[in-house]
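If you read the protein sequences in the order shown, they are chains F and Z. Each residue of the first sequence is one higher than the last, beginning at 2 in the numbering used here. Each residue of the second sequence is one higher than the last, beginning at 1225 in the numbering used here. Encoded as structure tokens, the structure appears first; notes follow it.
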Amino acid sequence: MSENIRFNFPAPVIDESVERLRMEVRAFLQDEIRKGGFRPVTDCWCSGIDPAFSRKLGQRGWLGVTWPKQYGGRELSALHRYAITEELLVAGAPVHAHWIADRQSGPLILATGTEDMKRTLLPRIAAGECFVALGLSEPESGSDLASVRTRAHKVEGGWEITGTKLWSSGAQICQYMTVLTRTSERNDNKRHEGLTQFLVPLDLPGVSVRGIRDMSGVEHFNESHFEKVFVPEDAVLGAVGEGWQQITSELALERSGPERLLSTFVVLEKAFVQGAATMSGHQTAVMGGMIARIRALRAMSLGIAALLEQGHYPEVEASLVKDLGTRFEQDIIERLREFWPIQLKQSFGDELHYLLSDSLLRQPSFTLRGGTNEVLKGIIARGMGLR
Amino acid sequence: MGFEMEQTDQLILDTSQRLFVDHCGADVVNTAENGVAPTRLHTAILEAGLPLAWVPEAAGGVGGSLALGFNLIRQSASFALAAPLAETLVANRVLAESGLELGDSWSVLVFDGGSLPTLYDGKVNGVVENAPMHTGVVRLVVPVSDQGTMRMATFTADNVSIDYRESLAGESRARVQLNEACPLELSPAIADITEQGLMQFCALVRACQIAGAMERMTELTVAYVKERQQFGRALGKFQAIQHKVADIAGESALANAAVEQAVRELSAHGQPFSSNGDTLLSVATAKVVASEAAGTVARLAHQCHGAMGFSFEYPLQQYSRRIWSWREEYGSEFYWSERIGLAVANELKGSPTGQSESQVWDIVSR
Chain F
2 MSENIRFNFP
12 APVIDESVER
22 LRMEVRAFLQ
32 DEIRKGGFRP
42 VTDCWCSGID
52 PAFSRKLGQR
62 GWLGVTWPKQ
72 YGGRELSALH
82 RYAITEELLV
92 AGAPVHAHWI
102 ADRQSGPLIL
112 ATGTEDMKRT
122 LLPRIAAGEC
132 FVALGLSEPE
142 SGSDLASVRT
152 RAHKVEGGWE
162 ITGTKLWSSG
172 AQICQYMTVL
182 TRTSERNDNK
192 RHEGLTQFLV
202 PLDLPGVSVR
212 GIRDMSGVEH
222 FNESHFEKVF
232 VPEDAVLGAV
242 GEGWQQITSE
252 LALERSGPER
262 LLSTFVVLEK
272 AFVQGAATMS
282 GHQTAVMGGM
292 IARIRALRAM
302 SLGIAALLEQ
312 GHYPEVEASL
322 VKDLGTRFEQ
332 DIIERLREFW
342 PIQLKQSFGD
352 ELHYLLSDSL
362 LRQPSFTLRG
372 GTNEVLKGII
382 ARGMGLR
Chain Z
1225 MGFEMEQTDQ
1235 LILDTSQRLF
1245 VDHCGADVVN
1255 TAENGVAPTR
1265 LHTAILEAGL
1275 PLAWVPEAAG
1285 GVGGSLALGF
1295 NLIRQSASFA
1305 LAAPLAETLV
1315 ANRVLAESGL
1325 ELGDSWSVLV
1335 FDGGSLPTLY
1345 DGKVNGVVEN
1355 APMHTGVVRL
1365 VVPVSDQGTM
1375 RMATFTADNV
1385 SIDYRESLAG
1395 ESRARVQLNE
1405 ACPLELSPAI
1415 ADITEQGLMQ
1425 FCALVRACQI
1435 AGAMERMTEL
1445 TVAYVKERQQ
1455 FGRALGKFQA
1465 IQHKVADIAG
1475 ESALANAAVE
1485 QAVRELSAHG
1495 QPFSSNGDTL
1505 LSVATAKVVA
1515 SEAAGTVARL
1525 AHQCHGAMGF
1535 SFEYPLQQYS
1545 RRIWSWREEY
1555 GSEFYWSERI
1565 GLAVANELKG
1575 SPTGQSESQV
1585 WDIVSR
């Protein structure tokens, strides 16, 4: 008889310093809300853009916490970072400006960047003063990233980049973009070869960034065009041709983080507080059921954090978390509708209605961004030997 | 791999795995339901001492951790075990905690989460509507109410009235009636065993069984869709099927993560049969998620299996029928969801400010 199929989600070792840090962040955020420092928003890691707030977090030492001290980090564990990000998410804090740089670009630069990039950029990212956008998707490449058409041609002393990147969140306030390009001709049998990432300053001649308004009214998406943009040799991240490996190796981290289950928690929090005194038995059960699912998803997500900390690469488990978690973020809104119908565009000062309607308008993106759920299910099926 | 355990625990699990493989194949489970007692399986389990896994060494048991017992229960459910091992493990642990004598074979805890029979003047009266049971049971452990305090009373099958039933999966259940019944033994009141604690413990046992059964259902489904050819290719090559299998894996993984977390929480609490706020949340979460998953996994696994999974001979149905009945016992997802909702609402109502920004999160993230 063959082995049972069991995915492993061990308990992370959470020491006191993690909990202490969590409480510090929580107290700071509650104080900020009370002082009117920010207004809680739903899906805050994509919709809440406030560079000044990001700088405040940087000043407190809460960005880039896992990086080496020489590059502006604090050499804390991934679980410290996990606790910080959780607290920011559930408070609905405007964290989009620094989110990608802190989560993804910083670690990418740390792993593949030149010494000069690390020395000059990482401390600024950790200070909340430098933001980086992702240049992955294109008009003709959504889920199928290997089909990117943006080209980088070798020229004297560097590379010349031409192409268009789409859906880059926050690019209008970012100083840099990591741009995935094709550096050698596409070979249909080896589609993942010949791709290279560059770190491109967005103020170079030939770069134009145009905002795109999404269906919820927020203009965080961008279309960025690169017209014969010259970058020097040392703008290459890692080695030429390693682009695909770079973007896939971060996926387990990117896909299993708390932002894949907590994007709408701020709504549930508010609804629960508002309903607590008068809930019927049925409503109590519906609300309690959501708490159960979040707790279970969180156990999975933390389990992956523990595996990553142990040096494992749990790709399938991470895909499971993102698939289940993002669908649940959407489901929260559908379940709350039963008790708080969502009709009008205007909220007339009703904070809960504002958060609910905004969540409804934003939730289609949850199961798309960072790899659609269909792509994730394909990864899971492959992990189970079906592909 | 599983709940954090000691090395000796792993040896025991390896032994039980071999034992179940040898004596509890799919045919044994089916014939047992048709009335042929799986004598070799039963003898092997008892001889290996598995029902004593949770009994302290001082009381003649193995002295295994909570994690060992729950692992054993999950493993046994992945074989649709045709033996009341989970029931006896629970009953024996309760007997040991109560300082009462163990039975030398199968025992059951006559408890279904409903109101307790009452003790008066040394005699017990009352009805337990849906108790786990077994025809070979030698010891019935009945939590009884003595003017509001709980005590444990033991009986043999002869001195109570047992009305035998079957669960959806053909597992033995019974309506047990106690009529001026004189206990063999009666424990004093025990501080560390509460009605709530027992309810939670039994709910976690069922959640654990569901998780184990769903693992096997996942495995059966993956094997079937790889093997079965239709329209010129394996079913598993169709994207529609792949996505169903991914959903099965997700629900199963979620249930397992919740069950493991609850076992950790209960182990940290130290007293398995009493409850506090943290164990309530964790156990309730496990039972909610496992019971919800049971419906989804059974539906999808059957869909992937086509008519084959619907036949009695093919093993899938032994698991789907089990999880359909286990999800109802000791509180369904609806019951435990409401318990969680109430616990959170009560805490919110009792808080001084009433409008703090992260009270619900504070409860979730504990």
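Yeah, the Cβ is synthetic: ideal placement off N, Cα and C, and Gly gets one too.
Rounded C-alpha distance that separates Leu123/F from Ala153/F: 25 angstroms
Nearest chain Z C-beta to Leu155/F closer than 9 angstroms, yes or no? Rather than Leu, the amino acid found at residue 155/F in this sequence is Lys. Taking Cβ atoms only, chain Z never reaches closer than 9 angstroms to Lys155/F, which makes this a no.
Beta-carbon proximity check, Asn1480/Z vs Phe10/F, cutoff 9 angstroms: yes
Where Ala1454/Z sits in the DSSP three-state scheme: Just to set this straight, residue 1454/Z is Gln in the shown sequence, not Ala. The answer is strand: DSSP assigns Gln1454/Z an E or B state.
Backbone CA spacing between Asn1570/Z and Gly289/F [nearest angstrom]: 12 angstroms
So with CB distances below 9 angstroms, who are the chain F contacts of Arg1242/Z? Going along chain F, no residue has its Cβ under 9 angstroms from Arg1242/Z, so there is no contact; the nearest lies around 11 angstroms.
Under 9 angstroms between beta-carbons, which chain F residues line up against Leu1422/Z? List them in chain order, please. Near Leu1422/Z there are no residues of chain F at all, since even the closest Cβ is about 21 angstroms away, more than 9 angstroms.
Ends of the alpha helix (DSSP H) at Glu69/F? The question names Glu, yet the displayed sequence has Pro at residue 69/F. It is not in any alpha helix (DSSP H) - Pro69/F carries neither H nor E in the DSSP assignment.
Excluding five sequence neighbours on each side, which residues of the same chain lie with their C-beta closer than 6 angstroms to the C-beta of Glu1311/Z? Val1332 and Pro1356
In terms of DSSP beta bridges, what is Phe222/F paired with? Ile213/F
Could you spell out where the alpha helix (DSSP H) holding Leu357/F opens and where it closes? Glu352 to Arg363
Can you tell me whether Phe329/F is helix, strand or coil according to DSSP? helix
Check whether the Cβ atoms of Ile1547/Z and Ala1522/Z lie closer than 9 angstroms to each other. yes
Alpha carbon of Ala102/F to alpha carbon of Val1279/Z, nearest angstrom: 54 angstroms
Could you spell out where the beta strand (DSSP E) holding Gln311/F opens and where it closes? That residue, Gln311/F, is in no beta strand (DSSP E); it is neither H nor E in DSSP.
Does Leu1319/Z come within less than 9 angstroms of chain F when only Cβ atoms are used? no
Given Trp1560/Z as reference, the closest of Leu1540/Z, Ala1531/Z, Val1584/Z and Ser1506/Z once Cα atoms are compared: Ser1506/Z
Can you check which of these residues, Gly207/F, Gln246/F and Gly59/F, is closest to Glu130/F by C-alpha distance? Gly59/F
Over what stretch of residues does the alpha helix (DSSP H) that includes Glu24/F continue unbroken? This sequence places Met at residue 24/F; Glu is not what is there. Counting along the chain, the alpha helix (DSSP H) containing Met24/F begins and ends at Glu17 to Lys36.
Taking all protein chains shown into account, do 16 or more other C-beta atoms lie within 10 angstroms of the C-beta of Met1532/Z, making it buried, or fewer, making it exposed? exposed
Use the C-beta contact count for Gly1530/Z: other C-beta atoms within 10 angstroms, 16 or more gives buried, fewer gives exposed. exposed
With 9 angstroms as the threshold, decide whether the Cβ of Leu58/F is near any Cβ in chain Z. no
I'd like to know whether the C-beta of Trp1548/Z is nearer than 9 angstroms to at least one C-beta of chain F. no
Quick one: using the 10 Å Cβ neighbour count with 16 as the cut-off for buried, is Gln1231/Z buried or exposed? exposed
Which complete beta strand (DSSP E) runs does the segment 1312-1381 of chain Z hold, if anything under 3 residues is left out? 1330-1333, 1342-1344, 1347-1356, 1361-1370 and 1373-1379
Given that Phe273/F touches chain Z, what residues does it touch there, using C-beta distances under 9 angstroms? Gly1565, Val1568, Ala1569, Leu1572, Gln1583 and Val1584
How far does the alpha helix (DSSP H) with Leu1237/Z in it extend, from its first residue to its last? Gln1231 to His1247
Can you have a look at Gln1454/Z and say buried or exposed, based on whether 16 or more other CB atoms are within 10 angstroms of its CB? exposed
Output the distance between the C-alpha atoms of Trp1550/Z and Ala1525/Z, rounded to the nearest integer angstrom. 17 angstroms
Please list, in chain order, the residues of the segment 336-352 of chain F that have any C-beta partner in chain Z closer than 9 angstroms. none
Should Glu1552/Z and Ala293/F be called a contact, given that it needs their Cβ atoms to be closer than 9 angstroms? no
Assigned secondary structure, Arg338/F (DSSP; H/G/I helix, E/B strand, else coil): coil
Amino acids of chain F, ordered along the chain, whose beta-carbon sits closer than 7 angstroms to that of Phe1294/Z: Those within 7 angstroms of Phe1294/Z in chain F number zero; the least Cβ separation is about 14 angstroms.
Could you tell me whether the Cβ atoms of Val268/F and Leu337/F are closer together than 9 angstroms? yes
Cross-chain neighbours of Ser1289/Z in chain F, by beta carbon under 7 angstroms: Neighbours of Ser1289/Z on chain F: none; closest Cβ ~15 angstroms, over 7 angstroms.
Apart from the five residues just before and just after Val1351/Z, which ones in its own chain have a Cβ nearer than 8 angstroms to its Cβ? Pro1341, Arg1399, Val1400, Gln1401 and Leu1402
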